[in-house]
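Engineer:
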Amino acid sequence: MVVVAQRRDSTLFCASLADYSLPAPDSNPDSGETCLHRALTAFAVLASSDLFGFTTTYVIPTSFTAFAAAVPRAPLARRFPDYTGGPNPIRAAWYVVRRFSSRRDPLVPSL
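Residue numbers (the UniProt record's numbering): 1 to 111.
In structure tokens form, the structure reads like this:
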């Protein structure tokens, strides 16, 4: 759900880190698209819209505990081939935050 007010000083965008390995609903199973990929795309659309062009954006990654438990079992590199940080959940989380930040400036990562 997106709630838009007339006056915006900042934007909060929450994304579940644990969704990195969850296939996106209605996606082609062979595509490898996950819910986190969709969140990145949604964020890029939101961040580039005229409604949010001049606001500070805070990305709030959620579900870190589940993410930290899953990364050693299901490596992030399977879904994000350019990730090279191995099974370290902190490195993996910062990689995801950087993926969000590459889609919008200014961004304040809240990890």
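Even for Gly, the Cβ is constructed at its ideal location relative to N, Cα and C.
These numbers were taken from a predicted model, which means no experiment stands behind them.
To the nearest angstrom, how far is it from the Cα of F54 to the Cα of L17?
Structural biologist: Each residue's Cα considered, the two are about 26 Å apart.
Engineer: Can you tell me whether V71 is helix, strand or coil according to DSSP?
Structural biologist: Note: V71 maps to coil in three-state DSSP.
Engineer: Within the chosen definition, does the region 69–81 reach the region 44–59 through at least 3 CB pairs nearer than 8 Å?
Structural biologist: Too few Cβ pairs lie closer than 8 Å, so no.
Engineer: Can you give me the Cβ contacts of V85 inside the same chain, cut-off strictly under 7 Å, excluding the 5 residues immediately before and after it?
Structural biologist: This sequence places Gly at residue 85; Val is not what is there. So the qualifying residues of the chain are R91, A92, Y95.
Engineer: Report, in whole angstroms, the separation of the C-beta atoms of R79 and Y20, which I expect to be a contact under 8 Å.
Structural biologist: The pair is a contact, with the Cβ atoms about 6 Å apart (cut-off 8 Å).
Engineer: To the nearest angstrom, how far is the alpha carbon of D26 from that of N88?
Structural biologist: One C-alpha to the other measures close to 30 Å.
Engineer: Going by other Cβ atoms of all chains shown within 10 Å of its Cβ, with 16 needed for buried, is residue 113 buried or exposed?
Structural biologist: There is simply no residue 113 to check, as the chain begins at 1 and stops at 111 in what is shown.
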